[in-house]
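Engineer:
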Amino acid sequence: MDPEGEFEWVAIHKLIPVKYYKKFNNDKNYLMPSIAKDLWDRKLIPETFLPFAIEAGGNYFCIDINNGKIYYYTLDTWSDNLSLTDNQDKSTLFLCNSF
């Protein structure tokens, strides 16, 4: 969101592959399970969020595995002055109820 409260345009840059990624010789580090686990382990996204796409700036499009809702999740808004919960809330933008 910009300072005037308007939303900025974002677009999917890459879908995150679930099983195979020939370009990187099927390296598991580039697959959805590994990316999700890394983000969960570092507590960068809530454990109910499964990232399925990334935008050019490195932020994620996620599905909430509990309710199927779609969110845009920013990593570039993190603040050391906020709690984990406050950071996660600040970084989450609801997009739609499902695909």
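With numbering that gives the first Met the number 0, letter number 53 in the sequence shown gets 52, and the count goes up by one each step, no holes. Glycine residues also receive a C-beta, built at the ideal position from the N, C-alpha and C atoms. Please read these numbers as outputs of a predicted model, since none were measured by experiment.
Which whole-angstrom value is the C-beta distance of Gly105 and Asp79, which I expect to be below 8 Å?
Structural biologist: As displayed, the chain neither begins before 0 nor continues past 98, which places residue 105 out of reach and without an answer.
Engineer: Can you tell me whether Leu83 is buried or exposed, with buried defined as 16 or more other CB within 10 angstroms of its CB?
Structural biologist: Position 84 of the sequence shown, counting from 1, holds the residue named residue 83. Exposed, because fewer than 16 other Cβ atoms sit within 10 Å of the Cβ of Leu83.
Engineer: Does the Cβ-Cβ distance between Leu43 and Ile64 come in under 8 Å?
Structural biologist: Against the sequence shown, residue 43 aligns to sequence position 44. Against the sequence shown, residue 64 aligns to sequence position 65. Cβ distance not < 8 Å, so Leu43 and Ile64 don't count as in contact.
Engineer: Pull up the CB-CB distance for Ile69 and Cys95, whole angstroms please, since I reckon it's below 8 Å.
Structural biologist: To locate residue 69, count along the sequence shown from 1; it is residue 70. To locate residue 95, count along the sequence shown from 1; it is residue 96. The Cβ separation is near 5 Å, so the contact holds.
Engineer: Which runs of the alpha helix (DSSP H) at least 4 residues long sit entirely within the stretch 20-55? Give them in chain order.
Structural biologist: 31-40
Engineer: Ignore the nearest five residues each way along the sequence and tell me which others in Ser90's own chain have a CB closer than 6 Å to its CB.
Structural biologist: Within the sequence shown, the letter at position 91 stands for residue 90. Excluding sequence neighbours, Ser90 sits near Tyr72, Thr73, Thr76.
Engineer: From Leu30 to Ile15, what distance separates their C-alpha atoms?
Structural biologist: The residue given as residue 30 occupies position 31 in the sequence shown. The residue given as residue 15 occupies position 16 in the sequence shown. Spanning the two alpha carbons is a distance of roughly 6 Å.
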